[in-house]
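Counting from 1, position 119 in the sequence shown corresponds to residue 225 in the numbering used here; the numbering is continuous, with no gaps. Every residue gets a Cβ at the ideal spot worked out from N, C-alpha and C, and that includes glycine. Just so it is clear, the structure is predicted and the values come from calculations on it, not from any experiment.
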Amino acid sequence: MSASLPSPSPTTATADAGTDLTAPSLRRRMACWLYEGMLMFGVVFIASYLFSTLTQTRNALDNRHAQQAFLFVVFGIYFTWFWAKGQTLAMKTWHIRVVDRHGHALTQPRALLRYVLSWLWLLPPLAVSGAMALSGAELSVLLTGWVVIWALLSRFHPQRQFLHDALAGTRLVQHTPPPAPARAKR
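Take a look at the structure:
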């Protein structure tokens with residue numbers, strides 16, 4: 107699947123001196139994932155406000171599916187943009203970087219593929235919930251269980267990567283930012 111994507115040219119930036127090509131611990135990756143979720147509240151708020159204003163939606167249930175599709179596109183733009191740059195804000199905070207399997211920066215198509223495949227974290231339990239008409243509490247239990255299982259499956263990958271990263275040809279790696287230059291004293 108990832109073989110059809112263009113590979114980076116030799117001039118594409120490779121992992122810099124502060125990037126270790128080993129996977130961060132599962133604990134750090136999941137903490138980053140939770141922090142990313144909190145930061146996304148701001149993105150959801152702004153995008154939803156923009157959508158509601160442009161469509162003149164007065165009730166939250168009006169245009170619900172169109173708003174969900176709009177948010178899917180906004181999330182796609184957000185993650186594709188930042189992953190192609192190497193890191194989201196949460197990834198910078200937790201010193202994690204996303205690269206291709208050779209340590210190069212992601213291309214836009216590969217970042218987009220990673221975004222689409224990352225929905226494997228959520229879509230299976232949501233599909234089961236829709237098919238079985240589960241309550242909110244049952245969905246929460248199913249979703250939490252699925253995320254735990256999905257995360258633990260990375261322990262079986264030779265490089266400790268999540269399944270969507272392996273399928274997309276990407277890797278999460280440790281990244282130590284360079285030290286700040288010393289300031290001159292007056």
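Rounded to whole angstroms, the gap between the alpha carbons of T213 and A190 is 6 angstroms. Listed as beta-bridge partners of T125 by DSSP are H281.
In the structure shown, the three-state DSSP call for H201 is coil. Taken atom to atom, the span from the alpha-carbon of H281 to that of T186 is near 19 angstroms. Checking the DSSP bridge columns, you'll see T276 partnered with D206. Within 10 angstroms of the beta-carbon of V179 lie fewer than 16 other beta-carbons, which makes it exposed. When C-beta atoms of the stretch 238-256 are compared with those of the stretch 193-211, fewer than three pairs fall below 8 angstroms, so the two segments do not count as touching. When only Cα atoms are considered, T250 and Q173 end up about 24 angstroms apart.
When only Cα atoms are considered, S224 and A288 end up about 40 angstroms apart. By the neighbour-count criterion, in which a residue is buried when 16 or more other Cβ atoms sit within 10 angstroms of its Cβ, M144 is exposed. Here R164 carries a coil assignment [DSSP, helix/strand/coil].
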